[in-house]
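Remember, the numbering used here sits 28 above the position in the sequence shown when you count from 1.
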Amino acid sequence: MSDKVILKYDGKELELAVSTGSMDEKAIDVSSLRGATGLITMDPGYKNTGACESKITFLDGEEGKLSYRGYPIEQLAEKSSFVEVMYLLIKGHLPTQPELDKFVADINEHNYVSEDLIKILDAFPSSAHPMGVLASLTSALSAFNPKCVNVNSEEDLYRAAVTLLGKFPVLASWCQRKTKGLPVNYSNDQLGYVENFYQLLFKKPGQELAMNPVVVDALDKLFILHADHEQNCSTSTVRLVGSSHAGLFASISSGISALWGPLHGGANQAVIEMLEAIKNDGGDVQKWIDKAKDKNDPFRLMGFGHRVYKNFDPRARIIKVACDNILEQLGIDDPILEIAKGLEKAALEDEYFVERKLYPNVDFYSGIIYKALDIPTEMFTVMFAVGRLPGWIAQWKEMRETNQPIGRPRQLYTGEPDRDYVPVENR
Ligand code: CMC
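Structure representation (structure tokens):
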């Protein structure tokens, strides 16, 4: 296959190199295009645009394949742990036992947050959406940890990563406790990362919290499945903000805001709200399918469709099985699950969804699991953020290490042509 593309324009020919990724993906290098021809490429939503090279995550949307650092998501979800996956994403290899022990100890060094930050938390109304609170508190971390990261120092980058990995679950738990009017909780070094997060969320003052291994396993699996997903909206935001050399905490805070939207991570909350609405409306799934197909109705089937997956989302496949197991093991009989199954079946048999290759995505089932684990609906996207954090960090780190230039897209101006200013009395 040719390793170049010839572009003919205005009587001239331009040769554009074709690069090949390690999984045989091809990309046309258009970096010389504007200089040579004056043209730019137009690609709203970046549907055909690669913004970087990356060694972290591979995704094949046609085949429904996902791997982190070469390891298939199915194997990681079954055999690995969230902490190990964090290490894998950030450092590039699976840790040895001593490396893993050190990583855990280094994260634990930072699993507290300055008490002064509670004053900021207190200033939010308890009705505030936890994602807004989380984005603000994460950004505020910069003020409490002002030391700049020397991106040429592996040690400095590692320190920044473990600092944020330690503090983030504490902040995320504060967001939930705030909505419930509970006092903030403190980390317990004797517990694993996910168990500690669980007790940060749920432990009441003066109460022993019984840790259910089914719940801990479910959270661990969900976090692994959410840990990275290459250049999605929030990750691209983290990279774009970081490309101006803004700090790690500020960049991640922007990623949290991007994740919040219902077309991205916010879909997990939207799915449950949609399923509840269908239940309260009498449970007629076909009515809602028709609504989603109606081009005059802005409603979309939440938890369906994906920018890259045009085949089943492999994460949804794993979550669907996990969801059935967890509900069974916890003895939960949730009518929402039946509605979800009915909706999925009807959509998968419907020509509109088949033609457009719209399958359930990761958010379709994750909300049902979070609901079974007693996580409040508004916290679902915060849970996504806790899972996605190592991916954001790994991508930010890679972006800085590879000296990515500042992100600055072009545009095609379609506004007024040049015109003279008219004084107000003459308008
Ligand atoms: N319900 C009904 N129609 C849909 C849906 C949906 N969920 N998703 C896409 N379509 C239709 C869309 O109307 C369009 O139809 P037409 O060709 O007739 O104009 C066609 O399918 C292609 O859609 P698109 O908007 O061009 O596709 P996109 O790649 O820009 O959007 C998406 C991808 C995920 C934003 C979209 O599928 C969607 O809005 N889904 C619902 C929200 C959701 O579940 N988001 C979570 C995504 S996965 C996890 C994550 O990223 O956090």
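Where is the CB? At the ideal position from N, CA and C, for every residue including glycine.
Here the structure is a predicted model, which means the values were calculated and not measured.
Residue from the options whose Cα sits closest to the Cα of residue i
i	options	result
residue 334	441, 44, 92, 40	92
residue 129	275, 326, 218, 230	218
residue 53	125, 39, 86	86
residue 343	32, 297, 94	94
residue 420	115, 136, 434	115
residue 236	305, 117, 408, 213	213
residue 68	439, 446, 451, 449	439
residue 82	58, 118, 106, 253	118
residue 106	275, 452, 345	345
residue 407	108, 226, 124	226
residue 412	370, 297, 189	297
Cβ-Cβ separation, residue j to residue i (assumed contact under 8 Å), whole Å
i	j	result
residue 232	residue 250	About 24 Å separates the two Cβ atoms, so there is no contact after all.
residue 43	residue 34	6 Å
residue 246	residue 397	6 Å
residue 264	residue 133	In fact, because the Cβ distance is near 33 Å, the residues do not count as touching under 8 Å.
residue 434	residue 201	35 Å between Cβ atoms; not a contact.
Distance, residue j Cα to residue i Cα
i	j	result
residue 458	residue 312	The structure shown has nothing for residue 458, since the chain only spans 29 to 455.
residue 63	residue 367	55 Å
residue 41	residue 436	27 Å
residue 166	residue 278	7 Å
residue 256	residue 61	31 Å
residue 429	residue 153	40 Å
residue 357	residue 399	14 Å
residue 184	residue 192	13 Å
residue 322	residue 329	11 Å
residue 173	residue 414	20 Å
residue 385	residue 293	20 Å
residue 361	residue 238	22 Å
residue 101	residue 351	17 Å
residue 262	residue 416	9 Å
residue 472	residue 138	Here the chain has residues from 29 to 455 only, and residue 472 is not among them.
residue 149	residue 353	37 Å
residue 74	residue 234	52 Å
residue 409	residue 205	15 Å
Local Cβ density within 10 Å of residue i, reported as buried at 16 or more and exposed below that
i	result
residue 181	exposed
residue 158	buried
residue 341	buried
residue 70	exposed
residue 140	exposed
residue 259	buried
residue 176	exposed
residue 388	buried
residue 332	buried
residue 136	buried
residue 418	buried
Residue i at chain D interface by Cβ criterion, 8 Å
i	result
residue 219	As a matter of chain content, chain D is missing from the structure shown, which is built from one protein chain.
Handout entry: the ligand CMC site residues, beta-carbon cut 6 Å against heavy atoms
Key = 73, 260, 291, 292, 293, 295, 320, 328, 329, 330, 331, 332, 333, 334, 335, 384, 386, 389, 390, 391
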